[in-house]
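Final position of the sequence shown in the numbering used here is 230; the numbers increase by one with none missing.
No residue lacks a Cβ here, since even glycine has one placed at the ideal position from N, Cα and C.
Just below is one structure, and these are the notes that go with it.
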Amino acid sequence: REILERLYYSTDGEAWTESDQWLSEKSCCLWHGVRCTKNDDESTIVEITLRSNGLDGAVPPQIFLLDKLAILNLDGNNVNVDFSLLSHATSLISLDVSHITLPDLKGLEDGVHLTELYLSGNALAGSFPTEIMALVSLKRLSMAQNHFEGSLPDLSSLGGLEFLSIHDNHFTGVIPPTIGNLDKLLFLMMQNNAFSGNIPSEMLKLSSLWFLNLSNQKEKDGVGLKGPLPSFANFHEMRRFDVSHNSLT
-18 REILERLYYS TDGEAWTESD QWLSEKSCCL WHGVRCTKND DESTIVEITL RSNGLDGAVP
42 PQIFLLDKLA ILNLDGNNVN VDFSLLSHAT SLISLDVSHI TLPDLKGLED GVHLTELYLS
102 GNALAGSFPT EIMALVSLKR LSMAQNHFEG SLPDLSSLGG LEFLSIHDNH FTGVIPPTIG
162 NLDKLLFLMM QNNAFSGNIP SEMLKLSSLW FLNLSNQKEK DGVGLKGPLP SFANFHEMRR
222 FDVSHNSLT
């Protein structure tokens, strides 16, 4: 309860869009956006979802001391998050900090139990974050609509990924052949970057794909991806395929 109260006060709780029961005498499990599980007559917080709820300020790092917290969704609030205590959140599997005001990802590498991470729309910049490379349990990763740049590294350590969204950034260079090691991928969104060169033949290993978007890579040189288009004829599960606005033959 004390940690939730700290969250309320540090993010201007009085101005939240919805704050039903917060700070009331009722169980914090009845507060808006909080979900608990009950075990042996003891209630434990497992989820905090306050998406687009008017939070404004700094989320206290102590929120990660809720050791049974599995889901934290702060998408669409004017907040920043301090990950310095993330290593204590050993039950946290889903973290959504999209469309907030993250200054950086320092400490995020300690979220080793995360299976879902959403970072879209934060104006994050620089090369592909090394912090993410440590999150080897990830199945879903979205870092779209930021200002990341440079080449895409070898992501083989993230071999469990089923969903990868890096669209609307400024990534350059060739698509690395090691992308083919992500053979569990179902969704791959890389559109609106500045990749160049050929589509690597190793991408044909991703035969489980449902959705592939490599469109509009002309940001830097007006050429984008070029060369022959590999045959994706054996991708029987594919629902959407888009390589438009490139220079493929």
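Distances from the alpha-carbon of Lys49 to those of Phe109, Leu66, Leu31 and Ser72 put Ser72 closest.
Tyr99 is bridged by DSSP to Asp77 and Ser123.
Counting along the chain, no beta strand (DSSP E) covers Ile44, and no H or E run does either. A Cβ-Cβ separation of about 18 Å leaves Ser123 out of contact with Ser138 under the 8 Å criterion. The Cβ-Cβ distance between Phe129 and Leu98 does not fall below 8 Å.
Of the other Cβ atoms in all chains shown, 16 or more fall within 10 Å of the Cβ of Leu86; this residue is therefore buried. A distance of 8 Å or more separates the beta carbons of His226 and Ser177. Here Thr111 is exposed, its C-beta having fewer than 16 other C-beta atoms within 10 Å. DSSP, reduced to helix, strand and coil, places His94 outside both helices and strands of the structure shown, so it counts as coil.
Ile29: not part of any alpha helix (DSSP H); member of the beta strand (DSSP E) spanning Glu23 to Thr30, first to last residue.
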